[in-house]
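Enquirer:
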Amino acid sequence: MVGRLVLRPAEATAFRVLLRSTTANLDLKRSAGGNAPASVPPGNIRTEADLPEITLPTILYRMIFKGYYNHMHELQLYEKQLYGPMFKVRGGNGYTISLNSVELLEELMRKDDKFPSRGDMTLWTEYRDMNGLGYGPVTEEGEKWYKLRSVLNKRMLHPKDSVKYDNVVNEVITDFIKRICHLRKMSSTGDLVPNMSNELYRFSLEGISRILFESRIGCLENEIPAETQNFINSIAQMLTYTAAFTLLPKWTRNLPFWWLYISSWDGIFRFACKLIDRKMEEIQMRLDAGQDVSGQYLSYLLSNTNMSKNDVYGNIAELLLAGVDTTSNTMMWALYLLSQDPKAQDTLYQEVNSIIMEDKIPTAEDINSMLYLKAVIKETLRMYPVVPMNARLLSENDVIIGGHFFPKKTTFRVHHYAITHDETIFPEPRVFKPERWLRDGRERPSPFGSIPFGFGVRGCVGKRIAELEMHLGLARIIKLFEVKLDPNVGEVKALSRSGLVADRTVNFHFLERKNVAT
Numbered sequence: 192m193v194g195r196l197v198l199r200p201a202e203a204t205a206f207r208v209l210l211r212s213t214t215a216n217l218d219l220k221r222s223a224g225g226n227a228p229a230s231v232p233p234g235n236i237r238t239e240a241d242l243p244e245i246t247l248p249t250i251l252y253r254m255i256f257k258g259y260y261n262h263m264h265e266l267q268l269y270e271k272q273l274y275g276p277m278f279k280v281r282g283g284n285g286y287t288i289s290l291n292s293v294e295l296l297e298e299l300m301r302k303d304d305k306f307p308s309r310g311d312m313t314l315w316t317e318y319r320d321m322n323g324l325g326y327g328p329v330t331e332e333g334e335k336w337y338k339l340r341s342v343l344n345k346r347m348l349h350p351k352d353s354v355k356y357d358n359v360v361n362e363v364i365t366d367f368i369k370r371i372c373h374l375r376k377m378s379s380t381g382d383l384v385p386n387m388s389n390e391l392y393r394f395s396l397e398g399i400s401r402i403l404f405e406s407r408i409g410c411l412e413n414e415i416p417a418e419t420q421n422f423i424n425s426i427a428q429m430l431t432y433t434a435a436f437t438l439l440p441k442w443t444r445n446l447p448f449w450w451l452y453i454s455s456w457d458g459i460f461r462f463a464c465k466l467i468d469r470k471m472e473e474i475q476m477r478l479d480a481g482q483d484v485s486g487q488y489l490s491y492l493l494s495n496t497n498m499s500k501n502d503v504y505g506n507i508a509e510l511l512l513a514g515v516d517t518t519s520n521t522m523m524w525a526l527y528l529l530s531q532d533p534k535a536q537d538t539l540y541q542e543v544n545s546i547i548m549e550d551k552i553p554t555a556e557d558i559n560s561m562l563y564l565k566a567v568i569k570e571t572l573r574m575y576p577v578v579p580m581n582a583r584l585l586s587e588n589d590v591i592i593g594g595h596f597f598p599k600k601t602t603f604r605v606h607h608y609a610i611t612h613d614e615t616i617f618p619e620p621r622v623f624k625p626e627r628w629l630r631d632g633r634e635r636p637s638p639f640g641s642i643p644f645g646f647g648v649r650g651c652v653g654k655r656i657a658e659l660e661m662h663l664g665l666a667r668i669i670k671l672f673e674v675k676l677d678p679n680v681g682e683v684k685a686l687s688r689s690g691l692v693a694d695r696t697v698n699f700h701f702l703e704r705k706n707v708a709t
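Numbering (the working numbering), first residue to last: 192 to 709.
#1: For a quick check, are the C-beta atoms of residue 470 and residue 404 less than 8 Å apart?
#2: Along the chain, where does the beta strand (DSSP E) containing residue 676 start, and where does it finish?
#3: Is it true that the CB of residue 561 sits closer than 8 Å to the CB of residue 542?
#4: Note down, in chain order, each residue of its chain lying with its Cβ closer than 7 Å to the Cβ of residue 334, except the 5 sequence neighbours on either side.
#5: Whose C-alpha, out of 421, 336 and 641, is nearest the C-alpha of residue 297?
#6: Can you grab the Cα-Cα spacing for the pair residue 600 / residue 237, in whole Å?
#7: Could you give the residue range of the beta strand (DSSP E) that holds residue 277?
#8: Starting from residue 604, trace the beta strand (DSSP E) in both directions and tell me its first and last residue.
#9: Could you give the uninterrupted runs of the alpha helix (DSSP H) lying entirely in the region 303–391, keeping only those of 4 residues or more?
#10: Which residues in the same chain as residue 370 place their Cβ atom closer than 6 Å to its Cβ, once the five residues preceding and following it in sequence are excluded?
#11: How many Å lie between residue 510 and residue 343 at the Cα?
#12: Quick one: what does DSSP say residue 581 is sitting in, helix, strand or coil?
#13: If you measure between the beta carbons of residue 460 and residue 427, is that distance less than 8 Å?
#14: Use the C-beta contact count for residue 622: other C-beta atoms within 10 angstroms, 16 or more gives buried, fewer gives exposed.
#15: Hey, out of 387, 458 and 401, whose CA is closest to residue 420's CA?
#16: Are residue 692 and residue 680 closer than 8 Å when you measure CB to CB?
#17: Does the beta-carbon distance from residue 264 to residue 555 come in below 8 Å?
#18: DSSP puts residue 289 in a beta bridge; with which residues?
#19: Ordered along the chain, which non-local residues of its own chain (more than five positions away) have a Cβ less than 6 Å from that of residue 301?
#20: Helix, strand or coil, according to DSSP, for residue 703 in the structure here?
#21: Alpha carbon to alpha carbon, how far is residue 408 from residue 661? Give it in angstroms, no decimals.
#22: Do residue 328 and residue 319 have their CB atoms nearer than 8 Å?
#23: Mind checking which residues open and close the beta strand (DSSP E) that includes residue 525?
#24: Within the same chain, show all residues whose beta-carbon is closer than 8 Å to that of residue 504, passing over the 5 residues directly before and after it, in chain order.
#25: Could you work out which residue in 519, 364 and 586 is closest to residue 576 when comparing CA atoms only?
#26: Please return the same chain residues whose Cβ sits closer than 6 Å to the Cβ of residue 157, not counting the five positions on each side in sequence.
Given below as structure tokens:
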């Protein structure tokens with residue numbers, strides 16, 4: 192049951208005013224269907240006018256007064272039940288098309304543009320434009336995006352390149368395990384680790400920073416450096432305000448809390464630029480001394496590409512943001528699901544223990560033999576997708592999707608959570624079943640049933656590294672510890688933020704496995 196948010200009379204009146212102004216002043220760049228050039232559908236084929244329709248104020252009403260604000264993923268299921276696999280969301284004079292079925296998703300992806308577009312990213316690009324910063328893989332579009340991805344893919348997306356980071360990732364995992372052991376000893380029971388979401392966030396941020404900045408930033412120290420903590424706070428603040436401003440008209444940029452959003456980006460770039468500048472000075476010193484410039488990701492961007500400094504700033508910042516929540520949220524949910532299913536956890540332990548002998552540190556090559564481990568992560572990502580909703584703006588050609596004609600510049604919103612919880616694709620969708628993904632002769636789900644990292648050329652550039660972090664991290668944790676949920680926590684449910692996060696503080700007991708040195 193989704194909880195209801197109760198507003199005071201003054202707040203309710205203000206919200207009604209906001210609903211009216213949102214309808215009247217909606218930024219149509221967000222829903223370009225209404226601005227699309229007039230096109231004539233072939234024959235008597237159906238159009239968007241034949242689809243069920245809801246309005247943006249209706250969605251906002253459900254968010255605020257029906258309690259879906261923090262449960263947008265559950266709202267997808269509710270709206271699918273009401274309106275079916277495809278419906279129209281009207282806002283002002285524009286509209287977007289919502290897709291809720293795997294068949295429609297596949298059809299859309301198969302008809303994607305040469306240079307796919309996520310749709311309007313104004314919220315992120317405005318800050319960059321104000322400060323003369325370059326765009327990154329999330330915000331860039333068109334041919335510029337394609338050329339940028341060609342550069343980034345060479346050191347992140349290809350398997351042969353991503354495996355080069357396994358030593359770096361394992362270095363961070365080793366320190367994370369040391370922190371787990373420290374926290375266990377500090378607890379009254381000798382095995383409790385409190386607030387695991389926070390600890391995994393620190394681990395993920397340290398890991399992606401080690402790869403991108405080629406330096407450690409102190410997230411796993413007992414006392415986090417003040418500038419690193421400010422950076423963490425800035426990321427959280429930015430994601431919170433991004434979620435809020437996504438549905439608000441542009442006139443809200445004049446409200447005081449818009450500048451809180453801007454200040455959060457200031458904190459992110461202040462920290463990132465300082466580390467990038469430090470690396471640039473180091474590279475210049477090597478060049479001045481006639482030494483070779485060798486290194487990992489940042490060294491590659493700075494010394495082997497034609498990127499300007501401002502472009503490097505923009506790219507590194509976006510790669511950093513994309514790499515933190517992906518790993519931390521997924522690992523938290525994986526540990527939670529395994530703690531609730533001792534049989535699955537034991538199956539995983541037996542697999543890991545049969546491949547990682549004694550105190551050996553696993554490699555990326557070892558992970559390739561851990562099929563159940565990979566299935567655990569895939570099932571976790573199905574149940575708690577990294578991006579519950581995504582968008583596509585088809586700007587090059589008119590298209591027919593689901594037997595309906597849509598003119599070019601139509602924006603589609605894909606409800607991934609509704610698709611990954613479709614019982615016709617995934618029987619018992621709310622049940623954790625890693626075996627769904629095993630290649631053991633059983634029929635496997637549609638490959639479009641769960642695409643947590645996207646599809647095609649616009650798929651997540653950091654997919655390989657995120658998977659490497661999750662696979663190596665989970666394998667090493669399960670090798671050393673049996674993980675049990677603290678009974679005081681109770682049932683953990685998901686809240687919608689930038690992704691799906693726990694609705695409460697989650698504490699785990701990490702019980703040391705016998706005859707294993709930590």
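We put the beta carbon where it would ideally sit given N, CA and C, even for glycine. For clarity, every value in this text was computed on a predicted model and none was experimentally measured.
Expert: In brief:
#1: yes
#2: 672–676
#3: yes
#4: 306
#5: 641
#6: 18 Å
#7: 277–282
#8: 601–606
#9: 313–322, 333–347, 350–353 and 357–377
#10: 411
#11: 10 Å
#12: strand
#13: no
#14: exposed
#15: 458
#16: no
#17: no
#18: 278 and 604
#19: none
#20: strand
#21: 20 Å
#22: no
#23: Taken as a continuous stretch (DSSP letters only), residue 525 belongs to no beta strand (DSSP E), being part of the alpha helix (DSSP H) at 500–531.
#24: 324, 325, 460, 463, 464 and 467
#25: 519
#26: Residue coverage of the chain in this structure runs from 192 to 709, which leaves residue 157 outside it and unanswerable.
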